[in-house]
Amino acid sequence: MNVIITGGTSFIGLAVTGELLRRGDHVWTIVRPGSPNRGKLPVHDHLHQVELGLEDMERLPERLGGGHWDGFLHMAWDGVGSAGRSDPAVQEKNIRCSVETVKSAAALGCRRFLFSGSQAEYGSCRELTAEDHPCAPVSQYGKAKLEFGRQAAALCEELSMEYIHARIYSVYGPGDHPWSLVNSCLKTFSAGGHMELGECTQHWNFLYIDDMAAAMAELLRQDGISPGIYNVAGEDTRVLREFVEEMYACCGHQGSYEYGKRPPNAEGPASLLPDVGKLKLATGWRPAISFQEGIKRTLASVSLKS
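According to numbering that gives the first Met the number 0, the sequence shown is numbered sequentially starting from 0.
Here's what the structure looks like:
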C-alpha cells in the first residue's frame, strides 16, 4: 500500500509508521517545517518525508504531484497539552485544517481516510462504552474531535472516500510524554521518590503502543471494513489504583505514593470502560501485550533511563 500520514512524528504516529513499514507499505509522512521530532523518524527506503504545515494542507496535492495513494491516516492535531485542549480557538483551527486535509486526500485519490479520534469524545462515562454510546464531551478537545468526525464522515461520503474514525483510548509505552501517568509513576518509583496522585478510583483501560499501532494498521489496510467509528483500546479494564499498584510492584516496591493529592485533568474524572468488540470482529485484531509486560518494556526503554 501507498499511505500518507500526518502527525507521523508523534508518539502514536511513530509507532504506526513503523508498523506500516514492517508490513511492507510505502509511507509519505507530512512533517511540520522545523519539527524538532523529524529526527525520530526511521531511515527507510519506503519512508518519504514531505515538509508542510497543518495550516497548508490544501497545498498537499501540488507538493506530492502525480502518484497513486491508497489510504490517508490523519493524526496531526495542535493543542494536545492541557492548555491547548481547553482553548476553543486552537481546536476550531484543528477542525478547519483537518477538513482541508480530507479534501486533499480525496484529490490525491485515496480510497480510505482514517482519523485518530479520542475517548474524550464520549465525555464522562460510567458504563461499558460501545461506539453507539451517546457523546457528551467535556473538553474543547473532545468536542472538536467529535465535530470534525461528523463533518469528515459527511464529506468523505460526498467525495466517495471511506471514512474510519478510531476513538483511541489511553495508550502507553516507550516514547510517550514524560509527564504521562505511566512514565511519571515509573520514573518516580524507580528513583525511590514520592508520587502524588489523584483519587484514582475511576475505571481505566490501558493499551500498549505496539498493540495500538497494529489496530490502526488493520483499520487502514484491511479490505471490506465498514466505514464508521471503532474504539481502539485494551481488554483489561480495572480501577486505576490497581494499575498504579502493579507499576509500583514492577519497580520493586521502591518509593511511595499517595492518593487524593492532584486535581482531575481537562476531561474531568471520567472512567474508561471501552467495548472493543466491533474492532475485533471487523479486523480479527486483539491486544497481544499484557499490562505487566508493557510496563517491563517501558521500564527498559531509553527514555526512562535518560
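We put the CB at the ideal spot given by N, CA and C, even for glycine.
Under a Cβ-count criterion, where at least 16 other Cβ atoms within 10 Å of its own Cβ denotes burial, should residue i be classed as buried or exposed?
i, result
"L280", "exposed"
"R58", "exposed"
"H43", "exposed"
"T200", "exposed"
"H164", "buried"
"G17", "buried"
"P286", "buried"
"K309", "Beyond the ends of the chain as shown, which are 0 and 305, falls residue 309; an answer cannot be given."
"G192", "exposed"
"S305", "Here S305 scores only 48 on pLDDT, less than 50, and its place in the model is too uncertain to base an answer on."
"G23", "exposed"
"R111", "buried"
"S289", "exposed"
"G66", "exposed"
"W178", "exposed"
"G276", "exposed"
How far does the alpha helix (DSSP H) with residue i in it extend, from its first residue to its last?
i, result
"R220", "208–220"
"S115", "Taken as a continuous stretch (DSSP letters only), S115 belongs to no alpha helix (DSSP H), being part of the beta strand (DSSP E) at 111–117."
"Y140", "139–157"
"E18", "10–21"
"G83", "81–84"
Return the chain-ordered list of same chain residues with a C-beta closer than 6 Å to the C-beta of residue i, the five sequence neighbours on each side being excluded.
i, result
"E257", "E195"
"D300", "It should be noted that the sequence gives Ser, not Asp, for residue 300. These residues qualify, in order along the chain: P173."
"G122", "A135, P136, V137"
"I208", "A14, V170, G172"
"T100", "M56, H73"
"I224", "A281"
Using the three-state DSSP reduction, which class does residue i fall into: helix, strand or coil?
i, result
"N93", "helix"
"M246", "helix"
"S270", "strand"
"M56", "helix"
"S34", "coil"
"A129", "coil"
"E292", "helix"
"C124", "strand"
Can you list, in chain order, the residues of its chain whose CB lies under 7 Å from that of residue i, leaving out five sequence neighbours each side?
i, result
"D274", "L127, T128, A129, N230"
"G116", "K144, G148, H164, A165, R166, I167"
"Q291", "E245, C249"
Which partner residues of residue i appear in the DSSP bridge assignment?
i, result
"L280", "None, per the DSSP bridge assignment."
"T236", "N204"
"W27", "I3, H47"
"G227", "I163"
Going by the C-beta, is residue i closer than 7 Å to any heavy atom of the ligand GTP?
i, result
"R237", "Ligands displayed in this structure: none; no statement on the ligand GTP is therefore possible."
Please confirm whether residue i has its beta-carbon closer than 8 Å to some beta-carbon of chain C.
i, result
"F114", "Within the model displayed, chain C is absent; a lone protein chain is all it includes."
Beta strand (DSSP E) containing residue i: first to last residue?
i, result
"I163", "161–167"
Once you ignore the five residues that flank residue i on each side, which residues in its own chain have a CB closer than 8 Å to its CB?
i, result
"V79", "Y140"
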